[in-house]
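**Q** Chains as they are written, first to last, in numbering that gives the first Met the number 0: chain E, 0 to 528; chain U, 0 to 300; chain X, 0 to 326. Beta carbons are placed, not taken as given, at the ideal position from N, Cα and C, and that holds for glycine. Structure provided below as structure tokens; questions to follow.
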Amino acid sequence: MNKYFKMAAGGAAMLAATALAVPTAQAEPKQGGTLTMIYRIIAGHFNPAIASGTPTGIPGTQLFAALIRYDDQWRPQPYLAESWKIADDGLSVQVNLRKNAVFHDGHPITSEDVAFSIETIKANHPFKTMYGPVTKVTTPDKHTAIIHLSAPHPAIELAMSSQLGVVIPKHIYGEGNIRKNPRNSQDIVGSGPFKLKEFKPGEYIIMERFDDFFLEGRPYLDQIVFKKMAESTSRIIALETGKADLTAFASDPQELTRLKKSKHLTLTPDGYSAIGPLNWLAFNTTRKPFDDKRVRQAIGYAMNKKLMIKILYSGFAKRATGPIHPGSVFYSGDVNDYAYDVAKAKALLDAAGLKPDADGIRLKTTLNFIPGGAVWKRWSEITKAQLKKIGIDVTLKASSDFRSWIKTVAGHDFDMTLDSVFNWGDPVIGVHRTYQSTNIRKGVPWHNTQQFRNADVDAVMMKAGLENDLAKRKALYAKMQKMVVEEAPIIYINASPYHTIYNHDRVGNPPVDSIWGTSSPMDNVYIKQ
Amino acid sequence: MSDSESTTQAGPPPADMDEIFVEHPFRQFVAMYFRNYAAVAGLLVFVTIVGAALFAPMILDLDPFEMVDEPLLRPGEGGHLLGTDNLGRDLFIAIVYGARVTMAVGGAAAGITLFIGLTIGAMAGFYRGWVDEVLMRVTEFFQVLPPLLLAMVLVALFSPTLETVAISIGVVSWTGVARLARAEFLRLREQEFVKAARSIGARDRRIIWLVIMPNALPPLIVNAALTVGIAILFEAALSFLGLSDPNVMSWGKLIGDNRDYLLDAPWTVTFPGVAIFLTVLAMSLIGDGLTDAFNPKLRER
Amino acid sequence: MQFLTVVIRRSLYAFLLLLAVIVFNYTLLFLVPGDIAETIAGESGGASAELMAEIRRSYGLDQPFYVQLFGYVGRVLQGDLGSSYYFNVPVLDLILGRLGPTLLLVVTSLLLAIFTGTLFGVIASQRPNGIFSHFITILALIGFSAPVFWTAFLLIILFVSMLQILPLSGLAEPLTESGTWQWYLDVAYHLILPVVSLSSIYLAQYSRLARASMMDILGSDYIRTARAKGLGQRVIIYKHALRNAVIPVITIAGLQFSHIFSGAVVIETVFSWPGLGTLAFESILRGDTPTIMGILFFSAFVVIIFNLLTDLAYRIVDPRIRLSNTA
Chain E
0 MNKYFKMAAG
10 GAAMLAATAL
20 AVPTAQAEPK
30 QGGTLTMIYR
40 IIAGHFNPAI
50 ASGTPTGIPG
60 TQLFAALIRY
70 DDQWRPQPYL
80 AESWKIADDG
90 LSVQVNLRKN
100 AVFHDGHPIT
110 SEDVAFSIET
120 IKANHPFKTM
130 YGPVTKVTTP
140 DKHTAIIHLS
150 APHPAIELAM
160 SSQLGVVIPK
170 HIYGEGNIRK
180 NPRNSQDIVG
190 SGPFKLKEFK
200 PGEYIIMERF
210 DDFFLEGRPY
220 LDQIVFKKMA
230 ESTSRIIALE
240 TGKADLTAFA
250 SDPQELTRLK
260 KSKHLTLTPD
270 GYSAIGPLNW
280 LAFNTTRKPF
290 DDKRVRQAIG
300 YAMNKKLMIK
310 ILYSGFAKRA
320 TGPIHPGSVF
330 YSGDVNDYAY
340 DVAKAKALLD
350 AAGLKPDADG
360 IRLKTTLNFI
370 PGGAVWKRWS
380 EITKAQLKKI
390 GIDVTLKASS
400 DFRSWIKTVA
410 GHDFDMTLDS
420 VFNWGDPVIG
430 VHRTYQSTNI
440 RKGVPWHNTQ
450 QFRNADVDAV
460 MMKAGLENDL
470 AKRKALYAKM
480 QKMVVEEAPI
490 IYINASPYHT
500 IYNHDRVGNP
510 PVDSIWGTSS
520 PMDNVYIKQ
Chain U
0 MSDSESTTQA
10 GPPPADMDEI
20 FVEHPFRQFV
30 AMYFRNYAAV
40 AGLLVFVTIV
50 GAALFAPMIL
60 DLDPFEMVDE
70 PLLRPGEGGH
80 LLGTDNLGRD
90 LFIAIVYGAR
100 VTMAVGGAAA
110 GITLFIGLTI
120 GAMAGFYRGW
130 VDEVLMRVTE
140 FFQVLPPLLL
150 AMVLVALFSP
160 TLETVAISIG
170 VVSWTGVARL
180 ARAEFLRLRE
190 QEFVKAARSI
200 GARDRRIIWL
210 VIMPNALPPL
220 IVNAALTVGI
230 AILFEAALSF
240 LGLSDPNVMS
250 WGKLIGDNRD
260 YLLDAPWTVT
270 FPGVAIFLTV
280 LAMSLIGDGL
290 TDAFNPKLRE
300 R
Chain X
0 MQFLTVVIRR
10 SLYAFLLLLA
20 VIVFNYTLLF
30 LVPGDIAETI
40 AGESGGASAE
50 LMAEIRRSYG
60 LDQPFYVQLF
70 GYVGRVLQGD
80 LGSSYYFNVP
90 VLDLILGRLG
100 PTLLLVVTSL
110 LLAIFTGTLF
120 GVIASQRPNG
130 IFSHFITILA
140 LIGFSAPVFW
150 TAFLLIILFV
160 SMLQILPLSG
170 LAEPLTESGT
180 WQWYLDVAYH
190 LILPVVSLSS
200 IYLAQYSRLA
210 RASMMDILGS
220 DYIRTARAKG
230 LGQRVIIYKH
240 ALRNAVIPVI
250 TIAGLQFSHI
260 FSGAVVIETV
270 FSWPGLGTLA
280 FESILRGDTP
290 TIMGILFFSA
300 FVVIIFNLLT
310 DLAYRIVDPR
320 IRLSNTA
């Protein structure tokens, strides 16, 4: 187990092992067929090198191959890289590419492209910590790339996987400003198992089998239709009637409750441990009275998390207790869980000097929330109702569009906000950014907008980010979780109840056999009939 | 189509300036109104809703946002007359409290609509010439932009609160009132009694507001009743789309909040819809009643 | 010739109006908090400060307002509505891609409302105090008073949930190959509920209007003359009176076009209809400014053209106008 992050490259490691891990896979995979996947939104483009987010990542990982992939036990597997080796001092990674790999336009995939991709991601991807320590990428020969690091970087393997570490062709995306490159959405030239057939903005994307894919015999499917269906009622009907085979990131409790009754459908929470989605309430820790941790803790006690999970998610969601997702190898439950306790909450507010006035009001404050989603609106209303019970009068601040919410929160112009933040596999990528005091950057979203400053937490994270030994690293993160939860810059409510739903009469090897779930290549998926 | 049909008796030229606006056969008006049973029913519904909006919060003293029971209880279940919504809030209480907001926003928006519309229409019709030309171009401008879309953009621009919603609705819906007011003013400004007022040296402002306006009022009052109804529908549509103040309970918001539960809990969208429907219906019936009352002749047809 | 002068003058007005719309839109949306940097940051899950500044520079957002405004007006006049922040494709392409479904919805609803409305009105005018006449009055009140999304929901509850004979949403089933006859059939099938919901507001209104003007016309000298000539009731109604009863309906329909488009925003949202309305709504939520401006401009453009056409249609249908209004 403790070898996950030191796994020496075994060139012979065969991928078929992942297929065997699926218990239902008695039948032999078949070639052919179309998989229809529905999703609540469709991205504007599908180039994961310059954007995170699952709408880009799900089709993006079909179109573009990453260097490595993961199984469902956090074990890295060869993918576009036939093998790789992290140097003993942890300061470089040698990547050996497959020799038969070509892009969708027939150009061979070379180490040049790998170097270009990593540089592009480093310059454009929002996750700065991912390739932050990368100093340069050298290319001794066409099939070998060496990633040089300024310090040991245990997150490097995750950064090379799934939608985070895709390889894009230099001869297509190397010219001009990549953000404005029209080929991020049309005429995409990728490296993955499927190539773009048609993209209709706002509606659907159709991807078809790439015959010269570097893994022999893959993919099984002829075609993937990825279609936007914004309304949960439409998705329910499409899945129930068998018109759609698959959906992912389903979290609407109505949808889950109802679809669970369908005999031909399987609902599974598997495949989200790398994404690690957490829903929480964050404070602006520099604003009075939220600079007082007793006030933050009081709000933690006043929120009936069990009830919220029940009402918002019909019990489908797991409780989140701290900054790391319960599905992560680094998760530790040894933290204060702020069990619902109104009396304790009131006592803390008293101690902080917030006494009730004649109307029983101790504090008037505001709560922002992400616009557009019904669940967020419900969440904000429940929070308002619950905080009213301890004398906090919350005015909800609706943002009419997503970017004005971002502007408000990133501009540190808020008291409290609801938010959903992903762990993105390794804590270095998706967790540190929220708590590091060096990462407070006004105007930039999801960069410690709480403005939380704690030197001890900083020190522990710094150490954990450089530690290549898994057990030691786990211990450091356990400490970090305990400290952060005690300081309460954020009240953790739940892990998003994301489910993958598929028609098990039709879909063989459903894309749930990786920590990345549907944000990983579906070359293994096949249609049964 | 023709002028004589669309408006009222021109009103005899008053001998004295002060008599101009006391000259209303009010009794006949009320009698005419009450002969129209539908209009009386509309008035009853309207009074009930306004009463609920004004007094229910005082009597009930509840929080419509409080989660009182299990979510999505059927009407009658658990002692909730209309059931509960997706967050376990009592639908009946929510609708009663929603009346307040809906009526307030509807009323305020209608007020703004009438104010802008009357001012612009009166000026255009009274001054004619280039003033009319300019103001009518402005009116045309606001007519070619899809009102709901523009209101959505405005609400998005100023962030959704009760005030911005009311103002946005007013800003996008005054054009009809302006055209109507302009037509009335164009017609009335040539009447004898206006000429008389002018000949005794009355100022423009006095002529507009005290001489012409009272005579132009009947069709405008009918229009005002309809305007309130339209403003309520507007508010409902914006709330339904999620562009409303989340701190207050309105009927449109209830429908918008519960729309995902349409197939499983149809009552959560049906009842708030009935409330909107009845209110707007009441406004139209009142409008019809007023038309009849103002134009006893029309009813004969 | 005079007709031509009118057309030219009207077109000039239309052009100035459009110019005003462009300037207004730009000014309005310039005031919206947040810009493309936040949009991109939001979509891509965060962005560094340098990157955000770089994005602003590359879109010219660091320029003073008037420079940006003139640039925009100039580009729009050349037919360039800019690029969507979200989809990174030309706004015009996005709009044209969504125009079909919206026109299909709006025009079908309008035609249904005009046709059925006039028909009902004519029938009702035969017996002004008959049951059908009252029925239409009541229907008009209901159509006016019910929020259109609520009507849609009631229809969904009845036809989708209970009777299960009509589809819930979308333009067609997800996998039907577009262009085939099955697809057209499927689209027609999916069109039923949205069209019925949308036209419900106007149908009754038009029937009331048609009834009133029919009654007006039936009492006029013109018809009395026709009657005196010994023409049958049927001929009088359908040949002479009907033509005149349609005029006010068309006029009102023309004036209401922008309102009907507004209704389409709501109906498209309810039925996930992939038209301009859903695009507009989603663009507002996403803060996709160029797309919002583009749609506002485009819908104003369509309304202006439509008004121009109804104006001309009006002149053609009614010869009296052709003579009197050309001055």
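#1: Assuming residue 193 of chain E is part of the beta strand (DSSP E), what are its boundary residues?
#2: Tell me the residue span of the alpha helix (DSSP H) that contains residue 92 of chain X.
#3: Taking only the alpha-carbon atoms, compute the straight-line gap between residue 426 of chain E and residue 49 of chain X and give it to the nearest angstrom.
#4: Does DSSP classify residue 460 of chain E as helix, strand or coil?
#5: Looking only at its own chain, which residues have a Cβ that is under 6 angstroms from the Cβ of residue 348 of chain E, when we skip the five neighbours before and after it?
#6: At which residues does the alpha helix (DSSP H) containing residue 75 of chain X begin and terminate?
#7: Below 8 angstroms between beta carbons: does that hold for residue 145 of chain E and residue 139 of chain E?
#8: Report the CB separation of residue 325 of chain E from residue 480 of chain E in whole angstroms; it is logged as a contact under 8 angstroms.
#9: Report the residue from E/452, E/193 and E/433 whose alpha carbon sits nearest the alpha carbon of residue 446 of chain E.
#10: Checking 8 angstroms against the spacing of the C-beta atoms, do residue 104 of chain X and residue 166 of chain X come in under that value?
#11: So residue 280 of chain E contacts chain U; which residues on that side make the cut at Cβ distance below 7 angstroms?
#12: Comparing C-alpha positions only, which one of U/262, U/52 and U/134 sits nearest to residue 274 of chain U?
#13: Kindly say whether residue 169 of chain X, judged by its beta-carbon, lies nearer than 8 angstroms to any beta-carbon of chain E.
#14: Which of the three DSSP states is assigned to residue 247 of chain E in this structure?
#15: I'd like the ranges of any alpha helix (DSSP H) spanning at least 4 consecutive residues and lying wholly in the stretch 403-448 of chain E.
#16: Taking 8 angstroms as the CB-CB limit, is residue 4 of chain X close to chain U?
#17: Starting from residue 36 of chain E, follow its DSSP beta bridges and name the residues at the other end.
#18: Does the beta carbon of residue 151 of chain X come closer than 8 angstroms to any beta carbon on chain E?
#19: Could you spell out the range, first to last residue, of the beta strand (DSSP E) harbouring residue 282 of chain E?
#20: In chain E, which residues lie with their C-beta within 8 angstroms of the C-beta of residue 184 of chain X?
#21: Excluding five sequence neighbours on each side, which residues of the same chain lie with their C-beta closer than 8 angstroms to the C-beta of residue 85 of chain U?
#22: Counting only Cβ pairs nearer than 7 angstroms, list the residues of chain X close to residue 142 of chain U.
#23: With a threshold of 8 angstroms between beta carbons, is residue 139 of chain U in contact with chain X?
#24: Which stretch, first to last residue, makes up the alpha helix (DSSP H) that contains residue 140 of chain U?
#25: I'd like the list of long-range same chain contacts for residue 328 of chain E, defined as Cβ closer than 6 angstroms, with 5 residues on each side in sequence excluded.
#26: So what's residue 121 of chain E in DSSP terms, helix, strand or just coil?
#27: Looking only at its chain, what residues have a beta carbon closer than 7 angstroms to the beta carbon of residue 124 of chain X, apart from the 5 residues adjacent to it on each side?
#28: What does residue 260 of chain U reach in chain E if we use C-beta pairs closer than 7 angstroms?
#29: Check for me: the beta strand (DSSP E) holding residue 141 of chain X runs from which residue to which?
#30: Say whether chain X places a C-beta atom closer than 8 angstroms to the C-beta of residue 24 of chain E.
#31: So is residue 409 of chain E in contact with chain U if we call contact Cβ pairs under 8 angstroms?
#32: What does the alpha-carbon distance come out to for the pair residue 311 of chain X and residue 64 of chain U?
#33: Can you pull out the residues from the stretch 132-159 of chain X whose beta carbon lies closer than 8 angstroms to at least one beta carbon of chain U?
#34: What are the residues of the stretch 501-528 of chain E that lie near chain X, defined by any Cβ-Cβ distance shorter than 7 angstroms?
#35: Taking the alpha-carbon positions, what's the residue 280 of chain X to residue 266 of chain E distance?
#36: Report the three-state DSSP secondary structure of residue 507 of chain E (helix, strand or coil).
**A** Taking the coordinates as given:
#1: Under the DSSP assignment, residue 193 of chain E falls in the beta strand (DSSP E) whose first and last residues are 193-199.
#2: 90-125 is the extent of the alpha helix (DSSP H) around residue 92 of chain X.
#3: Annotation: residue 426 of chain E to residue 49 of chain X spans about 24 angstroms, alpha carbon to alpha carbon.
#4: In the three-state DSSP reduction, residue 460 of chain E falls in the helix class (H, G or I).
#5: These residues qualify, in order along the chain: 297 and 361.
#6: Per DSSP, residue 75 of chain X is one residue of the alpha helix (DSSP H) stretching across 64-76.
#7: With respect to residue 139 of chain E, residue 145 of chain E sits close: the two C-beta atoms are nearer than 8 angstroms.
#8: Between residue 325 of chain E and residue 480 of chain E, the beta carbon gap of about 11 angstroms keeps them out of contact (Cβ cut-off 8 angstroms).
#9: Restricting attention to E/452, E/193 and E/433, the CA atom closest to the CA of residue 446 of chain E is found in E/433.
#10: Using a Cβ distance threshold of 8 angstroms, residue 104 of chain X and residue 166 of chain X do not count as a contacting pair.
#11: The premise fails here: residue 280 of chain E is roughly 16 angstroms from chain U at the closest Cβ pair, so nothing lies under 7 angstroms.
#12: Looking at the Cα atoms, U/52 is the closest of the given residues.
#13: Residue 169 of chain X counts as touching chain E.
#14: In the three-state DSSP reduction, residue 247 of chain E falls in the strand class (E or B).
#15: Fully enclosed alpha helix (DSSP H) runs of 4 or longer: 426-429 and 431-434.
#16: False, the Cβ-Cβ gap to chain U never drops below 8 angstroms.
#17: Partner(s): E/225 and E/245.
#18: Closer than 8 angstroms: no.
#19: For residue 282 of chain E, the uninterrupted beta strand (DSSP E) run begins and ends at 276-282, by DSSP.
#20: Those within 8 angstroms of residue 184 of chain X in chain E number zero; the least Cβ separation is about 16 angstroms.
#21: Counting only Cβ-Cβ distances below 8 angstroms, and skipping sequence neighbours, we find 70, 71, 256, 257, 259, 260, 264 and 267.
#22: Within chain X, the residues near residue 142 of chain U are 257.
#23: Taking 8 angstroms as the CB threshold, residue 139 of chain U lines the interface with chain X.
#24: Residue 140 of chain U -> alpha helix (DSSP H) spans 128-143.
#25: Only 73 meet the Cβ criterion.
#26: DSSP places residue 121 of chain E in the helix class (H, G or I) of the three-state scheme.
#27: Correct list, in chain order: 210, 213, 214 and 217.
#28: 253, listed in chain order.
#29: Counting along the chain, residue 141 of chain X falls outside any beta strand (DSSP E), though it belongs to the alpha helix (DSSP H) covering 130-144.
#30: Residue placement at residue 24 of chain E cannot be trusted, given a pLDDT of 47 that sits under 50; the coordinates are not used to answer.
#31: It does not: the Cβ of residue 409 of chain E has no partner Cβ on chain U nearer than 8 angstroms.
#32: Separation of residue 311 of chain X and residue 64 of chain U (C-alpha to C-alpha, rounded to the nearest whole angstrom) is 54 angstroms.
#33: For the stretch 132-159 of chain X, the residues whose beta carbon sits under 8 angstroms from a beta carbon of chain U are, in order, 140, 141, 143, 144, 145, 146, 147, 148, 149, 152, 153, 155, 156 and 159.
#34: The stretch 501-528 of chain E vs chain X, Cβ under 7 angstroms: nothing.
#35: Going from the Cα of residue 280 of chain X to the Cα of residue 266 of chain E covers about 31 angstroms.
#36: Reduced to three states, the DSSP call for residue 507 of chain E is strand.
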